[in-house]
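Visitor: Chains as they are written, first to last, in the numbering used here: chain A, 22 to 288; chain B, 22 to 288; chain C, 2 to 247; chain D, 2 to 247; chain E, 89 to 392. Cβ coordinates follow ideal geometry from the N, Cα and C atoms, glycine included.
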Amino acid sequence: MDWKLPLRGKPPRTSRRSLHWTAFASLAAALLGWWLVSRFAGLPAFILPAPEQVAVRFWKALTDGSLLVHTAATLTEVLLGLLAGTIAAVTLGYAIAKSRLFEQLVSPYLVATQAIPIVAIAPLLVIWFGPGIFSKVLICALIVFFPVLVNTVVGVRAVPRPFHDLMHSLRATRGQIIRMLEVPAALPVLLGGLRVGATLSVIGAVVGELVGSDHGLGFLVNVGRGQYDTALVFVAVFTLIALALALYGLVSFLERKLLIWQEAFER
Amino acid sequence: MDWKLPLRGKPPRTSRRSLHWTAFASLAAALLGWWLVSRFAGLPAFILPAPEQVAVRFWKALTDGSLLVHTAATLTEVLLGLLAGTIAAVTLGYAIAKSRLFEQLVSPYLVATQAIPIVAIAPLLVIWFGPGIFSKVLICALIVFFPVLVNTVVGVRAVPRPFHDLMHSLRATRGQIIRMLEVPAALPVLLGGLRVGATLSVIGAVVGELVGSDHGLGFLVNVGRGQYDTALVFVAVFTLIALALALYGLVSFLERKLLIWQEAFER
Amino acid sequence: MTDPILIVHDISITFPDRNGSLDALDTVSFTVLPREFVCVLGPSGSGKSTLLRILAGLLEPTSGSFSFAGGRPKIGMVFQQSNLMPWRTALENITLPLELQGVQADEAHARSQELIDLVGLQGFESSWPRDLSGGMAQRVAIARALIHDPDILLLDEPFGSLDALTREHMWTELSHIWQRRQKTVLMVTHSIGESLILADRVLVLTQRPGKIKLDLEVDLPRPRADEMRYTAHFGELARRLKEAIG
Amino acid sequence: MTDPILIVHDISITFPDRNGSLDALDTVSFTVLPREFVCVLGPSGSGKSTLLRILAGLLEPTSGSFSFAGGRPKIGMVFQQSNLMPWRTALENITLPLELQGVQADEAHARSQELIDLVGLQGFESSWPRDLSGGMAQRVAIARALIHDPDILLLDEPFGSLDALTREHMWTELSHIWQRRQKTVLMVTHSIGESLILADRVLVLTQRPGKIKLDLEVDLPRPRADEMRYTAHFGELARRLKEAIG
Amino acid sequence: GPRPTPSRLTQVRLSLGYIPNIQFAPLYVAVERGYFAEAGIEVEFDYSFETDAVALVGADELQFAVVSGEQVLLARAQGLPVVYVAAWYQKYPVSVIAKSEQGITTPSDLRGKTIGLPGLYGANYIGLRALLHAGGLSESDVTLDSIGYTQVAALAAGRDQAVSVYTANEPLQLRAQGYDLTELRVADFVQLASNGLITNETTAAGNPDLVRGMVAALLHGLSDTIADPQAAYQISLGYVETLAQADTAVQKQVLATSIDLWKADRLGESNPAAWENMQTVLLDVGLLTQPLDLSKAFTNEFIP
Ligand SMILES: Nc1ncnc2c1ncn2[C@@H]1O[C@H](COP(=O)(O)OP(=O)(O)OP(=O)(O)O)[C@@H](O)[C@H]1O
Ligand SMILES: Nc1ncnc2c1ncn2[C@@H]1O[C@H](COP(=O)(O)OP(=O)(O)OP(=O)(O)O)[C@@H](O)[C@H]1O
Ligand SMILES: [Mg+2]
Ligand SMILES: [Mg+2]
């Protein structure tokens, strides 16, 4: 009685094209569901506007230029905050990964900054740093900071000892070890943190805008809510989602480019 | 001319005791700094109350029982939200790590949930799920969800191929592979995600409470702000920080217990 | 004559490669009888490890097929890299196959003791893999491949980084296990001497893509010992193998 | 007589262990002359790798000291596990030491070509380490240890998983490099034959904790070849080494 | 926005506690027609939260803000030296609304109902409590539902039977959506100190001319707006960029209703009785534990 082993090869490749189709199909399904609910659930438009109402509102906001202006404002805050938060997190995270003492000294404070509800300290930030873009960038950076920091620590700590031995036997400098060993080795985990950070950064900027601002998509949300123009709220929220997805896509793109050596990214 | 190599051994052990002392010293320094600022910076008490004022307010809130009641309310939300968010994230994250197709289908929606400013959808959540504990737990779970998810994906994807080969050659079942290979191998990265999630969970519950609630520490913050009782805001915020630190400490404790095999945790 | 336990038929495998593709094995066919000890020799990169991985069900051949008589066999495998799980102690790594079979912890411990003695790791049961020397890690991997009493052993250079003494000791033990427990063994090695001391048959693969160049019966009497190296017949077999590889 | 290039004085090392501590090396002393080729033999776990790691500055001895004449030497090291960086291609792994020295990319490429030919990896320059066979990975590691023209080579079982042919080829090449470029070599091996073909001197370590049991001058004429194995003097040296290890 | 002006003007940041809105039309009119400039002031609007604005003025980080009357008393109770220098709203701008089928036409009809409000703080809460008091009810006679700023949705979805909202916004929006509502305006039952301009004691004592200038410009804009709402609306279009996209009819109604809340015989004048009433409500609610010296909380001395 012959018998063949169940084989475990590489999983079958799903072509790019078919992936795009499934994504498209699931989007269409979501839209249809929304349309059906808005049509038959009997909710007033200021609670749930129909897709076509939102589309019209979107077109209006787009053509009068306001959507672009506010998106640009938010995007600026997001990008600056993401940049600042990431740089701070990677630097501090590296120091923490390298020194238990430093970790014990600073980590309670870092955790503390994460536990303070931003809305509670936003006024302080405004007092200290003024009401302009800086305070929003700061809030954004604060939110981005922690996930990137933690993943930096985890990633750097997990660098296998034999690689360190190799670098030391070759008399690599501290800078070379960082650049040629620790950065590439920690990159998968670090990029995971950046994925989280990138999506959170959008929230960060919006929280800052919601707290008090006269521009940005968070401001548009406030305006829409104040005027019971729920379609405008939807337009702003969808634009925020699009921003977050774009940033997320950027990080995914970086992953595919930088981690081709990982098996998972070969497929 | 003789010459000795600079040696790279294990870093000197810092004893537990000395670490506790440094943590204590840095806390004392922070307190002293606060006291000095409140004393000499000429800021009014409603902007920056002195440590002793906050201590008095703390004692008052403690003895009249209100602090305990609100802390318990928040803690319940946090723990339930953390649990629900983590379970959902680990389950979905595992599925995503294992299937490109599934990732492409669901990840845009997952990122979207992260990009929607909670404050903007909180009303909807309240309308759909009521103003009770459920909507706060949900917000908390939503916030916890993403970092845990992403780190689950990163951790599971990074499990080295040779271990999978070993398990397959031994005819391990899917469940055994998860339990005896993927969980322990992904644990360092997963716990990193949980670290972030644990601190964020506190924020999540508070955001829910700030948006609309009549209990919890977020409610206390609102009360304090509404009455210009800044000392009470400080009491609530410090309690929040203590909660976050406790959760963070719990995760760190888990790390030390579960990851003793990692060199970094030996020290 | 007995029926073969393993029939390998025209197996080829091609890996996708950055610059095109790479043929690693080319129409490899052979059969293995029950309780036969077969060694596989060949130059580096000739597809020896790939062949074992295919037989263990870890890779799918591009074409060709293989089958085991009597249903799916229990496999004991030693990989070329010792791949111990870093979160398990030496002992826990050894007992992994038993855990996977649901054997009780105390029975697993009892059975592991014998193997720990066999590979000479007394006192290192609770060491982490990172604290073991290269040879010790390899011995843990060998013990792990033997503990669950597998039907067939697939060994990929199991004695690669063992000192001469330990290696000879392991040869003897492996021969005993093989004879006592009626195992079928397929072992990759790069030592001609080792293959002649242990094997009933030696397969030699050619340079990439690996084809079977020589299928040599080793008709030396058993039990064999290191001294046999200096007999004429041993020398003749060694010469033929060397020629095939070279 | 020339002055020694390396003086090792009474080195001992003790590792902390779960159940107490583990003595790995016990008052090891020896000297190495410039351009000497020294092999280190010993049972598994006797501290051979630990000794190399101490000399490379990767571990601090618990007591004792060592010193190099002429300042900090450039080290070329082959580790027992090939430890290639998975995010670098084979070629990029080989050129790593040059990059660390700030050598220009095009010069690095030119110098690597020679070594790729030496280790026979033409066509695999852009392969990822995960796609290399065990022996190929080891050859990449050897090329990496040679490319930056080091003053001293610390080799930990460099030829462990190479087939006989490749190994003999590498012996010859290593001998050439050693003679042409005036290197000092300290090489751990578990093959007595290999040590006698290559070394000027062989150190044998005892069972744990490793002590020097034998320091044997290999006075065979050079160039040596595999045929020499069957001379009486070779046999005598091999017997003495075997006795010391056993 | 404000036109570039010579640098000899005093820079003032005025915190409004809400996003740009048609309800700030008097300020936009005052800027547009140069009333601030006439007073030697270049004004910049700030839209941070009300309580934050009060704290900032109290700490002298800001000099002026527009806030609700109860905030002044709450802040003073905690030692914030803020002073209310001009009453903008004469009527407290909070209403409780319900769907008509609930039959809620007097405050006492609220007994036993579930009432939605953002939280147990702010104008919505104070106004509601004053209304309950007017109906002879206490907090335990109703169920309060803290739901954040989602009252309209809660009412529409039938979650709450009544909700506490701003007179000049939600009722108009809901009626425009076709809802049939009954509305209880707090101002119809009790006069309470409402929104107005605050400064801090330092500025009031040290720079009375600046305060006088601010008050004058505000009141000038206010009277212009009351006199010609149409022109004020047109001017506001240039300051509230989102106004053009909103429902014009509703926004004009918002302005008209606001004007109704603003009108007074003497614009800007604070009525001591309104402050007494406010203090009574706050003491009643327990937000104040002891009476304050009200004469320090507000002043009419800067009114022209
Ligand atoms: N980091 C460490 N912590 C604890 N023990 C260690 C450590 N490194 C090595 N050892 C122990 O020291 C001893 C010597 O190890 P070493 O790797 O030097 O042996 P070796 O002679 O190279 O053996 P092999 O031939 O098997 O490679 C072993 O018993 C090993 O378990
Ligand atoms: N996953 C893979 N992807 C691409 N090429 C691979 C892969 N695995 C192996 N190869 C290639 O297949 C060939 C055979 O590899 P294999 O590991 O079977 O050789 P081997 O005979 O075991 O060699 P060695 O004696 O060096 O271990 C090599 O050229 C190798 O580069
Ligand atoms: Mg191989
Ligand atoms: Mg070793």
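Taking 8 Å as the line, does the beta carbon of K290 (chain A) fall inside it for any heavy atom of ligand 4?
Guide: Outside the displayed span of chain A (22 to 288) sits residue 290 (chain A), for which this structure offers no information.
Visitor: To the nearest angstrom, how far is it from the Cα of M171 (chain C) to the Cα of A70 (chain C)?
Guide: The straight-line gap from Cα to Cα measures roughly 29 Å.
Visitor: Quick check: is any heavy atom of ligand 1 less than 8 Å from the C-beta of M188 (chain D)?
Guide: No, Cβ of M188 (chain D) sits at least 8 Å from all heavy atoms of ligand 1.
Visitor: Alpha carbon to alpha carbon, how far is A144 (chain D) from L101 (chain D)? Give it in angstroms, no decimals.
Guide: Rounded to whole angstroms, L101 (chain D) to A144 (chain D) spans 15 Å at the Cα level.
Visitor: Where do the N-terminal and C-terminal ends of the alpha helix (DSSP H) with E218 (chain C) fall, by residue?
Guide: From DSSP, E218 (chain C) is part of no alpha helix (DSSP H) but of the beta strand (DSSP E) over I213 to E218.
Visitor: May I ask you to report which of helix, strand or coil DSSP gives S176 (chain C)?
Guide: S176 (chain C): helix per DSSP, three-state reduction.
Visitor: When the Cα atoms are used, what is the spatial distance from T290 (chain E) to I164 (chain B)?
Guide: Distance between the alpha carbons of T290 (chain E) and I164 (chain B) is about 44 Å.
Visitor: Compute the Euclidean distance between the alpha carbons of L170 (chain A) and V177 (chain A), then round it to the nearest angstrom.
Guide: Their backbone Cα atoms lie some 11 Å apart in a straight line.
Visitor: Return yes when the Cβ of L88 (chain B) is within less than 9 Å of the Cβ of L241 (chain B), no when it is not.
Guide: In contact: L241 (chain B) and L88 (chain B) (Cβ atoms closer than 9 Å).
Visitor: Exposed or buried, H234 (chain C), counting other C-beta atoms within 10 Å across all chains shown (16 or more means buried)?
Guide: Classification for H234 (chain C): exposed.
Visitor: Apply the 10 Å Cβ neighbour rule to K157 (chain A) and answer buried if 16 or more other Cβ atoms are within range, or exposed otherwise.
Guide: With 16 or more Cβ atoms within 10 Å of its Cβ, K157 (chain A) is classed as buried.
Visitor: Any idea if V141 (chain D) is buried or exposed, counting beta-carbon neighbours within 10 angstroms, 16 or more meaning buried?
Guide: With 16 or more other Cβ atoms within 10 Å, it is buried.
Visitor: Please confirm whether F184 (chain B) has its beta-carbon closer than 9 Å to some beta-carbon of chain C.
Guide: For F184 (chain B), the answer is yes, since a Cβ of chain C falls inside 9 Å of its Cβ.
Visitor: With V79 (chain D) as the anchor, note down where its alpha helix (DSSP H) starts and where it stops.
Guide: No alpha helix (DSSP H) contains V79 (chain D), which is instead part of the beta strand (DSSP E) from I76 to V79.
Visitor: What did DSSP end up calling L154 (chain D) once you bin it into helix, strand or coil?
Guide: Three-state DSSP puts L154 (chain D) in a strand.
Visitor: By Cβ distance below 7 Å, which residues in the same chain neighbour E174 (chain C) in space, the five residues on each side in sequence not counted?
Guide: Excluding sequence neighbours, E174 (chain C) sits near L119.
Visitor: Between T173 (chain B) and A109 (chain B), how many whole angstroms is the CB-CB distance? I'm expecting something under 8 Å.
Guide: Actually they are not in contact, since the Cβ atoms of T173 (chain B) and A109 (chain B) sit about 11 Å apart, beyond 8 Å.
Visitor: Should G215 (chain E) be flagged as near chain B, meaning a C-beta pair shorter than 9 Å?
Guide: Not an interface residue.
Visitor: Please confirm whether L280 (chain A) has its beta-carbon closer than 9 Å to some beta-carbon of chain D.
Guide: So yes, L280 (chain A) belongs to the interface.
Visitor: Output needed for L215 (chain B): all residues of its chain with C-beta closer than 7 Å, excluding positions within five of it in sequence on either side, in chain order.
Guide: Within the same chain, L215 (chain B) has close Cβ partners T107, V169 and V272.
Visitor: Please report how far the alpha carbon of N212 (chain E) lies from the alpha carbon of D372 (chain E), in whole angstroms.
Guide: If you take the alpha carbons of N212 (chain E) and D372 (chain E), they lie about 16 Å apart.
Visitor: Return no unless some Cβ of chain E is closer than 9 Å to the Cβ of P65 (chain A).
Guide: So, interface residue.
Visitor: Given that Q81 (chain D) touches chain C, what residues does it touch there, using C-beta distances under 9 Å?
Guide: Near Q81 (chain D) (Cβ distances below 9 Å), the residues of chain C are S134, G135, G136 and S162.
Visitor: To which residues of the same chain is P74 (chain D) closer than 6 Å at the C-beta, ignoring the five residues directly before and after it?
Guide: The answer, listed in chain order, is D152 and I153.
Visitor: Classify F9 (chain B): buried if its beta carbon has 16 or more other beta carbons within 10 angstroms, exposed otherwise.
Guide: As displayed, chain B neither begins before 22 nor continues past 288, which places residue 9 (chain B) out of reach and without an answer.
Visitor: Comparing the C-beta of A82 (chain A) with each C-beta of chain E, is any distance below 9 Å?
Guide: It does: the Cβ of A82 (chain A) has a partner Cβ on chain E nearer than 9 Å.
Visitor: Would you call the CB atoms of D229 (chain E) and L220 (chain E) closer than 9 Å?
Guide: Yes.
Visitor: From the DSSP output, read off the bridge partner residues of L31 (chain D).
Guide: The displayed chain sequence assigns Phe, not Leu, to residue 31 (chain D). Its beta-bridge partners are D:V9.
Visitor: List the residues that DSSP assigns as beta-bridge partners of I198 (chain C).
Guide: Beta-bridge pairing links I198 (chain C) to no other residue.
Visitor: Can you give me the C-alpha to C-alpha distance between S36 (chain B) and R121 (chain A), rounded to a whole angstrom?
Guide: Its pLDDT being 48, under 50, S36 (chain B) is placed unreliably by the model, and the measurement read from it follows with that caveat. Between S36 (chain B) and R121 (chain A), the C-alpha separation is close to 10 Å.
Visitor: Looking only at DSSP bridge pairs, what is I286 (chain E) linked to?
Guide: Note: I286 (chain E) sits in a beta bridge opposite E:A153 and E:Y172.
Visitor: Can you give me the Cβ contacts of V264 (chain C) inside the same chain, cut-off strictly under 7 Å, excluding the 5 residues immediately before and after it?
Guide: The structure shown does not extend to residue 264 (chain C), since chain C spans only 2 to 247, so no value can be given for it.
Visitor: According to DSSP, what are the bridge partners of R273 (chain E)?
Guide: E:S183.
Visitor: Which residues bound the alpha helix (DSSP H) around A334 (chain E)?
Guide: Unbroken run through A334 (chain E): none, as it is neither H nor E.
Visitor: Under three-state DSSP, which class holds T185 (chain D)?
Guide: T185 (chain D): strand per DSSP, three-state reduction.
Visitor: Using only the heavy atoms of ligand 3, determine whether one of them is closer than 8 Å to the beta carbon of S83 (chain D).
Guide: No, the beta carbon of S83 (chain D) sits no closer than 8 Å to any heavy atom of ligand 3.
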